[in-house]
Amino acid sequence: MRIKRVAAVAMAAALTLGMAACGGDGDGESGSSAKGLVGKAQSQKKLVIGVKADQPGLGLQTGSQYEGFDIEVAKIIAKGLGVDAGNIEWKTTVSNNREPFIQQGTVDLVIATYTINDERKQKVNFAGPYFIAGQDLLVKADSPLTGPEALDGKTVCSVTGSTPAKRIQTDHPKAKLQQFDSYSKCLPLLENGKVDAVTTDDIILAGYAAQDQYAGKFKVVGKPFSSEPYGIGLKKDDKAGCEKVNEILKAAAGDGTYKAAWDSTLGKSGKAAPELDTTKLTNCGS
0 MRIKRVAAVA MAAALTLGMA ACGGDGDGES GSSAKGLVGK AQSQKKLVIG
50 VKADQPGLGL QTGSQYEGFD IEVAKIIAKG LGVDAGNIEW KTTVSNNREP
100 FIQQGTVDLV IATYTINDER KQKVNFAGPY FIAGQDLLVK ADSPLTGPEA
150 LDGKTVCSVT GSTPAKRIQT DHPKAKLQQF DSYSKCLPLL ENGKVDAVTT
200 DDIILAGYAA QDQYAGKFKV VGKPFSSEPY GIGLKKDDKA GCEKVNEILK
250 AAAGDGTYKA AWDSTLGKSG KAAPELDTTK LTNCGS
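Residue numbers (numbering that gives the first Met the number 0): 0 to 285.
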């Protein structure tokens, strides 16, 4: 009887060890040594990606569907990680919740006109940039505003927590800044003359100005006063995931999928696809 009990204990111990080996370390790799973004993509074959929902040409939600350049870039990244587009859960983000969404695990990635800067790099990691934009002004078609130097005493609308809003506060303190949680809320105010300008990145403004309901009413001043490298945000300690995303971007630049993403979205505005300069990709926090 004692021999049987010893054998039973040994078998239970072996079973426990086997289960532990299969269970991984709780990061969702399930038999894979990969962790973080790569591990989740391998084991679960799905991703949650934070995107904008109100930026025509970049990230726009219609019903349950999302479309735009950022959406197509997200699909490229997901495919490179082994995740089908149909297994992406899109999560609407606004400028002020992108870092918390990443830090709290609400999303796996943020691809949402997300400027890489030193302040944000204290909280999250960035792959990319996959596009370089520039801050500009959207004004009425007949506006005399010629650029940021003319903003003293003018009312400017932007988004809370965004880089463009902070730049107006620091570089143009005599402008009156109104802030909302999305740029789309600024447009009716501009149309009605309640603000003098809307400010964000030039390509976002161009998308808004091209909408049917605003056709001919607005213009982009065309005097960019910043450089805004759009990055792909992920958890700060996920260096391997960041490096993998950069590898996928390099491949997309070479095989034509990056250009195809542009041509099917922002390219419809007549603006030619930019070159994705892969020499400027981040070092992923190293």
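Every residue gets a Cβ at the ideal spot worked out from N, C-alpha and C, and that includes glycine.
Predicted, not measured: the structure shown is a model, and the values here were computed from it.
*Do you know how far the Cα of E118 is from the Cα of N191?*
Straight-line Cα distance between these residues: approximately 35 Å.
*Best match in D276, I202, L186 and N282 for proximity to D195 [C-alpha to C-alpha]*: Comparing Cα positions, the closest option is L186.
_Distance CB(A205)-CB(S161) smaller than 8 Å_ = Their beta carbons are not under 8 Å apart, which means A205 does not touch S161 by this criterion.
*Have a look at K193 and T154 and give me their C-alpha separation to the nearest angstrom.*
Cα to Cα, the separation comes out at about 8 Å.
_Taking its Cβ as the centre, do 16 or more other Cβ atoms sit within 10 Å of K270, making it buried, or is it exposed?_
K270 counts as exposed, since fewer than 16 other beta carbons sit within 10 angstroms of its beta carbon.
*asked:* Distance check for I202 and G133, CA to CA, integer angstroms please.
replied: Straight across, the Cα-Cα distance linking G133 with I202 is about 8 Å.
*In chain order, what residues of the same chain lie with their CB nearer than 8 Å to the CB of A209, ignoring the 5 residues before and after it?*
For A209, where only same-chain residues beyond five positions count, the Cβ hits under 8 Å are P55, G56 and S268.
*Over what stretch of residues does the alpha helix (DSSP H) that includes F100 continue unbroken?*
Counting along the chain, the unbroken alpha helix (DSSP H) around F100 starts and ends at R97 to Q102.
*N86: which of W261, K74, N95 and P172 sits nearest, CA to CA?*
When only C-alpha atoms are compared, the closest one is K74.
*What distance in whole Å lies between the Cβ atoms of V106 and I167, which are believed to be in contact at a cut-off of 8 Å?*
I167 to V106, Cβ: 28 Å. No contact.
*Give the range of the beta strand (DSSP E) segment to which G303 is assigned.*
Because the chain in this structure spans residues 0 to 285, residue 303 falls outside the shown range and cannot be described.
*Leaving out five residues before and five after A77 in sequence, what residues of the same chain have Cβ atoms less than 8 Å from its Cβ?*
Result list for A77: A40, L46, I48, D83, A84, N86 and I87, in chain order.
_Extent of the continuous beta strand (DSSP E) run through C156_ = DSSP places C156 in the uninterrupted beta strand (DSSP E) bounded by T154 to V158.
*Is P128 closer than 8 Å to I115 when the C-beta atoms are compared?*
Yes, the Cβ-Cβ distance between I115 and P128 is below 8 Å.
*With a 10 Å radius around its C-beta and 16 neighbouring C-beta atoms as the bar for buried, classify P163 as buried or exposed.*
A buried status is given to P163, since no fewer than 16 other beta-carbon atoms sit within 10 Å of its beta-carbon.
*How long is the line joining the alpha carbons of T199 and T112, rounded to whole angstroms?*
Roughly 10 Å between the two C-alpha positions.
*What residue range is occupied by the uninterrupted alpha helix (DSSP H) comprising P187?*
For P187, the enclosing alpha helix (DSSP H) begins and ends at C185 to E190.
_CA nearest to the CA of D53, picked from D69, E227 and Q43_ = Ranking D69, E227 and Q43 by Cα distance to D53 puts D69 first.
*Just tell me which of K175, K34, Y182 and V50 has its CA closest to the CA of V72.*
Measuring from the Cα of V72, the nearest candidate turns out to be V50.
*asked:* Relative to the C-alpha of K243, which candidate in G81, G62 and Q43 has its C-alpha closest?
replied: Selected option, being the one with the closest Cα: G81.
_Which of the three DSSP states is assigned to T163 in this structure?_
The amino acid at residue 163 is misidentified as Thr; the sequence shows Pro. Note: P163 maps to helix in three-state DSSP.
*Helix, strand or coil: how does DSSP classify Q168 here?*
Residue state, collapsed to three classes: helix.
_N- and C-terminal bounds of the alpha helix (DSSP H) containing V244_ = If you look at V244, you'll find it in the alpha helix (DSSP H) that goes K238 to D254.
*Which residue or residues does DSSP assign as beta-bridge partners of V109?*
G49 and G232, per the DSSP bridge assignment.
*Can you tell me whether T281 is buried or exposed, with buried defined as 16 or more other CB within 10 angstroms of its CB?*
By the neighbour-count criterion, in which 16 or more other beta carbons inside 10 Å mark a residue as buried, T281 falls on the buried side.
*asked:* Would the region 246 to 262 count as touching the region 167 to 182 if we require 3 or more Cβ pairs under 8 Å?
replied: No: fewer than three Cβ pairs fall under 8 Å.
_As a quick exercise: from Q102, S263, T264 and K258, pick the residue whose alpha carbon is nearest that of E274._
Answer by Cα proximity: K258.
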